[in-house]
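Since the structure comes first, as structure tokens, the remarks are kept for the end.
Residue numbers (the working numbering): 24 to 132.
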């Protein structure tokens with residue numbers, strides 16, 4: 024994919040490869056939830072907005088899309104929390120994934 028192809032999709036000149044339609048997008052900068060569409064070109068987000076042309080359309084029917092942070096190094100065992108309780112603490116703060124040793128998860132379950 025070239026930058027020109029990505030820009031053409033972003034401008035609406037070329038159909039996206041994938042359109043995630045009718046999404047509720049969590050805007051972490053404004054703390055708002057916006058009803059919109061997401062245009063994707065070769066795995067990259069080309070734009071968010073009034074896109075309607077795509078090779079494939081997935082209607083999200085009002086489901087939520089939110090960015091997620093990855094905690095690349097965490098010791099869940101040190102939190103003294105069960106993994107489900109740990110998730111309750113970090114997911115509301117934007118963490119959607121963690122990288123941890125499996126023995127740590129076993130030690131707190």
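C-beta: ideal position from N, C-alpha, C; glycine also.
Just so it is clear, the structure is predicted and the values come from calculations on it, not from any experiment.
For residue 55, the enclosing beta strand (DSSP E) stretches over residues 55-64. Nearest to residue 79 by alpha-carbon distance, out of 130, 70 and 41, is 41. For residue 131, no beta strand (DSSP E) encloses it; the enclosing alpha helix (DSSP H) starts and ends at 125-131.
In the three-state reduction of the DSSP assignment, residue 120 falls in the strand class, which pools E and B. Going by DSSP, residue 67 is part of the beta strand (DSSP E) stretching over 67-72.
For residue 71 and residue 130, the gap between their C-alpha atoms comes out near 42 Å.
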